[in-house]
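First the structure, in the form of structure tokens, and then the observations on it.
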Amino acid sequence: MDKYEIVLDMIEHPDKYSSQELDTILSDPETRDIYQILCKADSALEANKKIDVDAEWEEFSKRKRFRRRFMMRGSRAASIIAIVCTSIVAMAVGIAVTVSVTDHKTESPSPEKVAVISSASASESSDTTANSEATNIPFTEDSQILFEDVPFSTIMDAVADAYGVEVRFNNEEVASLHLYYKLDPTLQLEEIADQLNTFESINIIQDHDTLIIN
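Counting in this note's numbering, the sequence shown runs from 44 upward without gaps.
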């Protein structure tokens, strides 16, 4: 399979790949660029923004100097909506990823409510009060939060706020890692911890109402 096919297969069948295999695949700059373009398009769609996917692919093709192997016909954006990134790339110390693909049924389900928190918005909120990130996050029980390149501590503040638990970092280096992560409040706290533990260098242990990060 070429790099395009590998990325698509990885997204459609994440269970076929071990964490080590995902690390190896995404360590290749060209493969990672393809993956990030798809995720960028999906993030914009979930935030109800418009994105010119044709322009993204054209820019990528010029930069890498190789031929586009396939064309998405009709609405490219519509074809990418099915891709939902549960955990994307941990950029600071390594790359670990888990991806879930949602099946869209024939009947029209109610649209997902997704709030996007980016590194820029997290930095602005941190200039006001020490722990303002979580309080400024537009969290509701039926909405999801997509974190884009934000500190792990910001994500854990939101988890603590959503599930009514305390968070304790034993490793400040881990707290400063920048991650891409989609927080789904319909999941159990144990499932959230399991998802985050798939990232390299993160180890979350639950002790009653406290999450301990080593």
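The beta-carbon is built from N, C-alpha and C at its ideal position, and this holds for glycine as well.
Can you name the start and end residues of the alpha helix (DSSP H) that residue i belongs to?
i, result
"SER196", "195-206"
"LYS46", "46-55"
"GLU215", "215-218"
Keeping to the same chain, check which residues put their C-beta closer than 6 Å to that of residue i; ignore five residues upstream and five downstream.
i, result
"VAL210", "MET199, ALA203 and LEU254"
"SER161", "GLU191"
"ASN246", "ASN257"
"ILE248", "ILE255"
"LEU232", "TYR206"
State the start and end residues of the unbroken beta strand (DSSP E) segment that holds residue i.
i, result
"GLU209", "209-212"
"GLN238", "Premise fails: GLN238 lies in the alpha helix (DSSP H), 232-239, not in any beta strand (DSSP E)."
"ILE248", "247-250"
"LEU65", "Counting along the chain, LEU65 falls outside any beta strand (DSSP E), though it belongs to the alpha helix (DSSP H) covering 62-69."
For residue i, collect the residues of the same chain with a Cβ closer than 8 Å to its Cβ; drop the 5 residues on either side in sequence, then sort them by chain order.
i, result
"ILE49", "ILE68 and THR74"
"ASP252", "GLY207, VAL208 and GLU209"
Count the other C-beta atoms from every protein chain shown that fall within 10 angstroms of the C-beta of residue i, then say buried if there are 16 or more, exposed otherwise.
i, result
"GLN79", "buried"
"PRO194", "buried"
"GLN63", "exposed"
"ILE54", "buried"
"ILE77", "buried"
"GLN187", "buried"
"ILE235", "buried"
"GLN238", "buried"
"THR229", "exposed"
Taking the DSSP output, what are the residues bridged to residue i?
i, result
"LYS225", "LEU189"
"THR74", "DSSP, once it has assigned bridges, lists no residue as partnering THR74."
"SER161", "GLU191"
"ILE255", "ARG211 and ILE248"
Is residue i a contact residue of the ligand ATP, with contact defined as CB to any heavy atom under 6 Å?
i, result
"ALA203", "The ligand ATP is not among the ligands present in this structure, which contains no ligands whatsoever."
Tell me which same chain residues have a C-beta within less than 7 Å of the C-beta of residue i, skipping the five on either side of it?
i, result
"LYS59", "none"
"ASN214", "ILE256 and ASN257"
"ASP227", "GLN187"
"VAL217", "PHE195, SER244, ILE245 and ILE256"
Next on the checklist: Under 8 Å, with one C-beta from each stretch per pair, do the region 217-227 and the region 191-205 reach the 3-pair mark?
Outcome noted: yes
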